[in-house]
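Numbering (the working numbering), first residue to last: -12 to 167. The beta-carbon is built from N, C-alpha and C at its ideal position, and this holds for glycine as well. All values reported here derive from a predicted model rather than from experimental measurement. In what follows, a structure is listed as C-alpha cells, so that the remarks can point back to it.
See below:
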C-alpha cells in the first residue's frame, strides 16, 4: 500500500471540502488515515487459504458457525459496513477445518474494499474449494453506513445476503435464515 499517495489524497480531500489541513486537529490526519487504511484493508495483500485441518471420523452432519463478527469498507463510498457471518457446511470425506481458520478467511475477505454480495460469495467459494464439503451455505447480515449516513439515511436497515454451494438441505437453510 502506498502510504504517501494515501496521505496526499487525504490532504486534497481536506482542502477540497474547505478545511485548513494545517490546523491543529487536522495536521496528523493524513498520516492517521494512511495508517488506518493499512490496518483495515490489510486483506488486500493476503491470499486466503483454508487447509483441511483435521481428518476425523465424523458423520455427514452439519457444522454451523454463527455470529462471526466482521467489519469491512464499501468500495462504492469508502464507508464501513459491519455485521455477522453465519456459515454452515456438511463435511464430506471426513474433511473438516479448525473453526479459527474459517474465521480468518472471513477476516481476510472483509479487510478489503468490498461489497457485501461479493464477500458472501468469496467466503462460500473458498470453503467449497478448500474443504470440498457436500455443501456450504453462508449468510451475511450487515449494516451499511452508506445507507445509514447518506442517500436514504435509514439507520436501522440490515442487509442480508446468502450464497449456497453444493447440496444444503432446506432444513439447514431454514435454520440459517432463522439465525440472521
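**OP:** Give the secondary structure of residue 7 by DSSP, where H, G and I count as helix, E and B as strand, and everything else as coil.
**Re:** coil
**OP:** Please say whether residue 126 and residue 144 have beta carbons closer to each other than 8 Å?
**Re:** no
Original post:
Where residue 161 and residue 103 are concerned, what is the direct C-alpha to C-alpha distance, given to the nearest angstrom?
Top reply: 21 Å
Original post:
Just reading off the beta strand (DSSP E) that residue 94 is part of, what are its end residues?
Top reply: No beta strand (DSSP E) contains residue 94, which is instead part of the alpha helix (DSSP H) from 86 to 97.
Original post:
What's the C-alpha gap between residue 38 and residue 109?
Top reply: 16 Å
Original post:
Between which two residues does the beta strand (DSSP E) harbouring residue 51 extend?
Top reply: 50 to 61
Subject >> C-beta contact flag for residue 30 and residue 86 at 8 Å >> reply: no
Subject >> Nearest-angstrom Cα separation, counted from residue 10 out to residue 89 >> reply: 45 Å
Original post:
Taking the alpha carbon of residue 163 as the point to measure from, which residue in 71, 34 and 8 has its own alpha carbon closest?
Top reply: The closest CA to that of residue 163, considering only 71, 34 and 8, is found on 71.
Original post:
How should residue 116 be labelled, buried or exposed, when 16 other C-beta atoms within 10 angstroms of its C-beta is the threshold for buried?
Top reply: Residue 116 comes out exposed.
Subject >> Boundaries of the alpha helix (DSSP H) in which residue 17 is found, first to last residue >> reply: 16 to 27
Original post:
Assuming residue 79 contacts residue 35 under a Cβ cut-off of 8 Å, what Cβ separation, rounded to an integer in Å, is found between them?
Top reply: In fact, because the Cβ distance is near 21 Å, the residues do not count as touching under 8 Å.
Original post:
Residue range of the beta strand (DSSP E) that residue 161 falls in?
Top reply: Not the beta strand (DSSP E): residue 161 falls in the alpha helix (DSSP H), residues 157 to 166.
Subject >> Alpha-carbon to alpha-carbon, residue 16 and residue 150 >> reply: 38 Å
**OP:** Please work out which residues of its chain come closer than 8 Å, Cβ to Cβ, to residue 131, disregarding the five sequence neighbours upstream and downstream, and give them in chain order.
**Re:** 61, 66, 68, 103, 144 and 146
Original post:
What residues are listed by DSSP as bridge partners for residue 67?
Top reply: Answer is 60.
Original post:
Helix, strand or coil: how does DSSP classify residue 34 here?
Top reply: Assigned with DSSP and collapsed to three states, residue 34 falls in coil, not helix or strand.
**OP:** Identify which residue in 19, 3 and 138 has its Cα closest to the Cα of residue 64.
**Re:** 138
Subject >> The alpha helix (DSSP H) enclosing residue 116, as first and last residue numbers >> reply: 103 to 118
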